Every structure is written in structure tokens, then in C-alpha cells.
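Student:
There are 2 protein chains.
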Amino acid sequence: MQEVLFEFISKYITLTADEKDALLSLDLFHTVKKGTVLLKEGQHSKESYFVLKGCIRTYYIMDGEEKTTAFYTELNALTPPCVVNKTPSDYFISCVEDSILLISHAGMEVEINARFPKFDVMCRMFSEELLARQQTDFDAFKTSSPEQRYLSLLQKRPDLIQRVPQHQLASYLGIKPQSLSRLRARILEKKS
Amino acid sequence: MQEVLFEFISKYITLTADEKDALLSLDLFHTVKKGTVLLKEGQHSKESYFVLKGCIRTYYIMDGEEKTTAFYTELNALTPPCVVNKTPSDYFISCVEDSILLISHAGMEVEINARFPKFDVMCRMFSEELLARQQTDFDAFKTSSPEQRYLSLLQKRPDLIQRVPQHQLASYLGIKPQSLSRLRARILEKKS
DNA sequence: CGTATTTCTTAACTTAAGTGAACGAGTGGC
DNA sequence: GCCACTCGTTCACTTAAGTTAAGAAATACG
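Protein chains in written order, with our numbering: chain A, 55 to 246; chain B, 55 to 246.
1. So ALA186(A) contacts chain B; which residues on that side make the cut at Cβ distance below 9 Å?
2. Which ranges would you report for the beta strand (DSSP E) in the segment 148-211 of chain B if only whole runs of at least 3 residues count?
3. Use the C-beta contact count for ALA124(B): other C-beta atoms within 10 angstroms, 16 or more gives buried, fewer gives exposed.
4. Can you round the beta-carbon distance between LEU80(A) and MET162(A) to whole angstroms, since I take them to be within the 8 Å contact cut?
5. Can you give me the C-alpha to C-alpha distance between CYS136(B) and ASN130(A), rounded to a whole angstrom?
6. Suppose you measure from the CA of LEU185(B) to the CA of SER233(A); what does that come to, to the nearest Å?
7. On the CB-based measure, 16 or more other CB atoms within 10 Å of its CB, does LEU208(A) come out buried or exposed?
8. Mind checking who SER102(B) pairs with in its DSSP beta bridge?
9. Helix, strand or coil: how does DSSP classify SER121(A) here?
10. Using a Cβ-Cβ cutoff of 8 Å, what residues of the segment 191-211 of chain B are near chain A? List them in chain order.
11. Does MET176(A) come within less than 8 Å of chain B when only Cβ atoms are used?
12. Taking only beta-carbon positions, decide if GLN43(B) is within less than 8 Å of chain A.
13. Hey, how far is the Cα of ILE67(A) from the Cα of LYS172(A)?
14. Taking only beta carbons into account, state which residues of the segment 100-126 of chain A come closer than 8 Å to chain B, listed in chain order.
15. Could you name the residues of chain A that SER181(B) contacts, counting a contact when the two beta carbons are closer than 7 Å?
16. Helix, strand or coil for VAL86(A) per DSSP?
17. Just the C-alpha distance for ASP72(B) and GLU165(B), rounded to the nearest angstrom, thanks.
18. So, helix, strand or coil for LYS140(B), using DSSP?
19. Which word fits ARG236(A), buried or exposed, when buried means at least 16 other C-beta atoms lie within 10 angstroms of its C-beta?
20. Can you check DSSP and say which residues form a bridge with ILE115(A)?
21. Counting only C-beta atoms, is GLN189(A) closer than 8 Å to chain B at any point?
22. Check the Cβ-Cβ distances between GLY161(A) and every residue of chain B, and say whether any is below 8 Å.
23. Apart from the five residues just before and just after GLN97(B), which ones in its own chain have a Cβ nearer than 6 Å to its Cβ?
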């Protein structure tokens with residue numbers, strides 16, 4: 055698992071053995087069981103997550119209903135807005151599958167960034183990259199219908215459709231579970 | 055206008071007089087006429103934009119139709135994905151109003167960051183903040199109807215509804231201009 | 001193993017968005 | 001000042017998503 059992390063980092067910066075050791079000494083690796091709730095609405099958290107294996111999701115509870123807005127799978131990172139804004143969280147984070155995560159505290163990041171300025175550069179590159187991707191995804195969402203969104207998900211993240219419950223997928227696509235069922239039936243209809 | 059910039063920066067870092075001079079020597083300020091196209095689909099651009107006054111928008115042309123996905127007004131910044139990914143641009147950027155912009159090249163940023171590491175820290179803070187906001191906005195979009203989106207825009211950016219053409223607003227809300235007209239009529243109906 | 005619960009699908013009906021077309025108001029260009 | 005064009009609105013009609021409800025299938029759990 056450590057290899058996976060170092061390979062990922064190597065896409066941005068080159069680490070010395072010392073720096074690798076410093077990273078490993080931080081006790082970042084955690085295994086988390088399916089269903090575990092990592093963050094609750096209203097909490098003041100300072101934790102960021104990086105998925106090495108498995109899947110976590112963010113969701114709101116609105117009128118007693120869960121609304122899933124994002125899934126994070128292998129090599130995806132999540133710093134909740136509440137950490138950045140220092141406000142109570144608006145949403146929940148839970149584990150969709152048994153997962154292996156990197157969990158880092160805001161304080162730890164400050165410390166390691168002070169010792170190795172390289173990390174700061176990597177964080178900046180990474181967050182700019184995420185921002186660009188996020189913008190592109192948002193644009194695609196705005197300019198397409200639920201059906202188009204589903205078809206494009208089928209192309210881009212076919213695994214998600216297998217590993218995630220339909221009703222969570224539905225709100226991720228911006229619709230109700232019943233509409234997703236119907237939409238899938240409609241697509242099968244067309245193919246034949 | 056320079057004051058506006060420095061006041062904005064002061065929310066993140068403290069600049070010395072030297073650093074301010076260095077910034078000003080870069081020839082960042084530009085006045086741009088309404089309707090000017092700053093970036094075209096297919097172009098390889100390295101420019102980032104920061105709006106000091108006015109309004110710019112990003113839009114795609116799909117099936118010959120413009121789809122506006124974002125508006126950037128006072129104190130908003132935009133680094134197009136094509137700059138980050140070094141790919142040809144998927145979208146256009148144009149000026150909605152006569153505007154005063156900061157336009158920076160990727161190369162210039164590298165240079166100033168090398169001379170003043172502070173800027174790098176600011177850029178990282180800023181892009182993390184943007185990412186968090188972007189996530190929140192995306193979540194809100196996914197979990198609400200066109201009507202709710204319109205009402206919330208009315209709350210959060212009432213100026214936009216005045217300064218921007220309806221058909222551009224419509225695609226920003228993820229719907230057609232006719233639907234926006236109808237939706238507004240529906241809301242007025244309800245109020246009475 | 002059987003029961004309870006969750007998940008997914010289907011159906012009938014309601015509501016709202018998409019589509020195509022038409023019209024008046026405003027705008028810009030010549 | 002006139003014409004062409006864009007823009008916003010309205011209408012009738014189509015299509016798809018929301019809602020409510022019911023039932024089947026899968027899963028969790030004692």
C-alpha cells in the first residue's frame with residue numbers, strides 16, 4: 055500500500071528516502087470498515103482523506119433523505135469544505151466498502167510542510183488539478199440530461215455502477231432512484 | 055484599482071512595498087470591452103484571469119448552441135482547465151460587460167513565485183478555498199431543482215440576474231431560456 | 001433458518017422541463 | 001429612420017422526472 059502512495063506522489067515531486075520515512079512516521083494509514091461514518095453533519099473536523107483502496111461517499115440528509123453528492127475511489131482525495139472554512143460540516147462522509155485510507159490532520163500538514171517545502175508545492179499542484187477537474191465535471195453536469203450523465207458515467211467510471219447502491223447513484227446523478235430505474239429500462243429498450 | 059487588488063491579497067498574506075512594486079511591474083492590468091472573446095475553443099492558452107471590475111463568462115458551443123456554465127464577477131478568479139492540463143480548451147471565455155481584469159501568464163507566475171515564495175502559499179490557500187466553494191456549489195446544484203436554484207441565485211447573487219442576459223442565465227441554471235421564463239412567471243404567480 | 005429490513009423495480013398519475021413556433025420589444029448597423 | 005437581428009415571453013404539445021404506492025429480490029441479523 056505504501057508503494058501505491060509513493061508512486062502517486064512521484065507524479066508530482068521526487069521524494070528522498072528521508073522524506074519517505076518522515077511521511078511513514080506520521081501514522082497516516084487506516085483500515086476502515088464498510089458503513090463507518092467518518093464525519094457527521096455539524097462536526098468541526100480537520101481531517102482530510104485519501105483513498106488507497108475502497109470507496110467513501112459524501113452525503114447530505116435533507117428532509118430525512120440521504121442525498122449522495124460524491125464518491126471517492128482509489129487515488130482520490132477529499133478535504134471537506136468544513137476543514138478549509140473552519141465551519142461545522144454540512145454533510146456526512148461514510149465508507150461504502152471496506153477501505154484503506156490515508157487520514158491526515160490539518161495540523162500534521164502544517165508540520166510536514168514546514169519541514170519539507172516540497173509538500174506544499176505538491177499540495178498546490180494537486181489542488182489546482184482537482185479544481186480544474188471539478189470545474190469540468192460541473193460544466194458537464196450542467197450541460198447534460200440525467201440520461202446523458204448516466205451514459206457518460208458508464209463510460210468514465212463503469213466500476214461505480216457495480217460497487218455502489220442504485221439509490222446512492224441516483225442522487226449522484228441528480229435524480230430519484232425510481233427515475234434511475236426507469237432511465238436504465240429506457241436505455242435497454244433502445245438498444246434492442 | 056490597485057488598492058482593490060492589494061486589499062484582496064491582504065486577506066491571505068502581508069506584502070512589503072517591494073513585493074507590491076514587483077507585482078505592479080508585471081503589467082497585469084487590462085481593460086477589456088464587452089463582447090471581447092478572451093479564449094476560444096481549441097486554443098492552447100496559459101492565461102489566468104482575475105476580475106477587478108465587470109463580468110466574464112465561460113461557455114461551450116454544443117450543436118451550434120451556446121451553453122454558459124459560469125460567471126466571474128468582482129474578486130473572482132479563473133484558471134481554465136486547459137492551462138492546468140496543457141490541453142486545447144473545451145470552452146470559450148468572453149466579456150459580459152466592459153471589465154478590468156488581471157491577466158497573468160503561467161510563466162509569470164513561476165517567475166514571481168520563485169522570487170517571493172509567499173505568493174505560492176497564497177495561491178495554494180486561494181485554490182483550496184476555491185475548490186471547497188466549488189464542491190459546495192456543485193452539491194447544491196445536484197440536490198436542487200431548477201426553481202430552487204433560481205431562488206437561491208436570487209439570494210446569493212441578485213446582481214447577476216440584472217446584469218446578465220436571461221438565455222445565458224438559463225444554461226447556467228441547467229435549463230432552456232423558455233423554461234426560465236416560465237419558471238419566473240410561476241414564481242410571480244405563487245407570490246400573489 | 002426465518003424474519004425484518006433494505007434495495008430495486010414497476011406502475012399510474014402529477015408536475016415540470018424540452019421542443020417548435022410565433023410575436024412584440026429592444027438593439028445595432030447602415 | 002428603417003431593416004435585420006437578438007432577446008424575452010407565451011402557447012400548445014411532447015417527453016421525462018417527481019410522487020405515491022405496491023410488490024419482488026437481496027441482505028442483514030437474531
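By construction, the Cβ of each residue, glycine as well, lies at the ideal position given by its N, Cα and C atoms.
Predicted model, so just to flag it, every value in this text is computed and none were measured.
Tutor: By the coordinates alone:
1. THR133, PRO134, PRO135, CYS136, VAL137, VAL138, ASN139
2. 153-159
3. In summary, ALA124(B) is buried, with 16 or more beta-carbon neighbours lying within 10 Å of its beta-carbon over all protein chains present.
4. 6 Å
5. 21 Å
6. 30 Å
7. exposed
8. According to DSSP, which records beta bridges pairwise, SER102(B) is partnered with SER158(B).
9. Sequence check: residue 121(A) is Lys here, not Ser. Reduced to three states, the DSSP call for LYS121(A) is strand.
10. Listed in chain order, the positions of the segment 191-211 of chain B with a beta carbon within less than 8 Å of a beta carbon of chain A are ASP191, PHE192, ASP193, PHE195, LYS196, THR197.
11. no
12. Here chain B has residues from 55 to 246 only, and residue 43(B) is not among them.
13. 7 Å
14. THR112, TYR114, MET116, LYS121, THR123, ALA124
15. ARG178, SER181, GLU182, LEU185
16. Assigned with DSSP and collapsed to three states, VAL86(A) falls in strand.
17. 15 Å
18. coil
19. That one is exposed.
20. GLU120(A)
21. yes
22. no
23. SER143
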